[in-house]
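Chemist:
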Amino acid sequence: MYKKNTHTLILTALLAVVSLILSLVKMAVPFLPPFLTLDLSFIPIFVGLSILGYKQTLVISLLKNFLHFSLISHEPTGSIANIIVEFVFLTCLVYFYKKGNVQTIIGGIVGTVAITLVMSLMNYFILLPLYGYIINLSDIVTNVKTIVAYGIIPFNIIKGLFLIILFFITKSITSKLPSSLVGKFKN
């Protein structure tokens, strides 16, 4: 019992740190605001989903975002947005995950629509005004509607499609892991 818990704890921390490191390599999306970037930090999260299960994957996400906030960014809006996106997308994906590839794609599409809706509302009412206030840039606050319509919505659609592709690449790799390794961690 204790050995399993220790292994799970170590793997959770390791995946969170790898996710943090991968979050530092950002890819800009052409024609969108520069603060909207893609990264590969979901790879360890998807590995955690395959090996550790949903609950532990949420712990990986929270730990990664806490470390990112406390060690790197020091402004809360990006970390809050990441936590929301990761929670919403993973929840939608997990609902369909074990039912086959077609249902997993449907889960990814539902997750993409969900993160687009949730993040549009969160950015419109909370995150963009907070970000504008923190960096003392009134243009963000006065142009929230434009930023959401022409930045946030297209970005989240692109990000959702990117995550679906990333999930299937990660799933194809983790499916080759021995079942004894995967079964060792799942509850």
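Sequential numbering of the sequence shown, starting at 1, is according to the working numbering. Just so it is clear, CB atoms sit at the ideal spot from N, CA and C, and this is done for glycine as well. All values reported here derive from a predicted model rather than from experimental measurement.
(1) Between K3 and L11, what straight-line distance do the alpha-carbon atoms span, to the nearest angstrom?
(2) With DSSP collapsed to three states, give me the class of K171.
(3) If the criterion is Cβ atoms closer than 9 angstroms, does the pair F89 and G111 meet it?
(4) Could you compute how far the alpha carbon of V113 sits from the alpha carbon of T104?
(5) Going by DSSP, name the residue or residues bridged to D39.
(6) Should L128 go down as buried or exposed, given a rule of 16 or more other Cβ atoms within 10 Å for buried?
(7) Taking the alpha helix (DSSP H) that F31 belongs to, which residues open and close that run?
(8) Should S61 and I43 be called a contact, given that it needs their Cβ atoms to be closer than 9 angstroms?
(9) Which residue wins for smallest C-alpha separation from V18, given the options I106, L36, F31 and F46?
(10) Could you say which of K145, T170, T142 and A16 lies nearest to F66 if we only look at CA atoms?
(11) Could you check the C-alpha separation between F35 and G107 for me, to the nearest Å?
(12) Do the stretch 128 to 142 and the stretch 171 to 182 make contact, defined as three or more Cβ pairs closer than 8 angstroms?
(13) Is it the case that the Cβ atoms of K64 and S41 are separated by a distance below 9 angstroms?
(14) Report, in whole angstroms, the separation of the C-beta atoms of L74 and S23, which I expect to be a contact under 8 angstroms.
Modeler: So, from the data block:
(1) Here residue 3 is taken as the residue at index 3 of the sequence shown, counted from 1. Here residue 11 is taken as the residue at index 11 of the sequence shown, counted from 1. One alpha carbon belongs to K3, the other to L11, and they sit about 12 angstroms apart.
(2) Numbered from its first residue, the sequence shown carries residue 171 at position 171. DSSP places K171 in helix when its eight states are reduced to three.
(3) By 1-based counting over the sequence shown, the position of residue 89 is 89. By 1-based counting over the sequence shown, the position of residue 111 is 111. In contact: F89 and G111 (Cβ atoms closer than 9 angstroms).
(4) What you label residue 113 is simply residue 113 of the sequence shown in a count that begins at 1. What you label residue 104 is simply residue 104 of the sequence shown in a count that begins at 1. About 14 angstroms.
(5) Translated into the one-based positions of the sequence shown, residue 39 becomes position 39. Per DSSP, K26.
(6) Indexing the sequence shown from 1 puts residue 128 at position 128. Counting Cβ neighbours within 10 Å, L128 comes out buried, since at least 16 surround it.
(7) Stepping through the sequence shown from its first residue, residue 31 is reached at position 31. F31 -> no alpha helix (DSSP H), and no H or E assigned at all.
(8) Locating residue 61 in the sequence shown gives position 61, counting from the first residue. Locating residue 43 in the sequence shown gives position 43, counting from the first residue. For the 9 angstroms CB-CB criterion, S61 and I43 do not form a contact.
(9) Taking the first residue of the sequence shown as position 1, residue 18 is located at position 18. Taking only the C-alpha atoms, the option nearest V18 is F46.
(10) Counting from 1 along the sequence shown, the entry for residue 66 is found at position 66. Out of K145, T170, T142 and A16, A16 has the C-alpha closest to the C-alpha of F66.
(11) As a working mapping, residue 35 is identified with position 35 in the sequence shown. As a working mapping, residue 107 is identified with position 107 in the sequence shown. Cα to Cα, the separation comes out at about 27 angstroms.
(12) no
(13) Counting from 1 along the sequence shown, the entry for residue 64 is found at position 64. Counting from 1 along the sequence shown, the entry for residue 41 is found at position 41. Cβ atoms of K64 and S41: closer than 9 angstroms.
(14) Start at 1 with the first residue of the sequence shown, and residue 74 comes out as number 74. Start at 1 with the first residue of the sequence shown, and residue 23 comes out as number 23. In the sequence on display, residue 74 carries His and not Leu. Not quite, the Cβ-Cβ distance comes to about 15 angstroms (not below 8 angstroms), so this is no contact.
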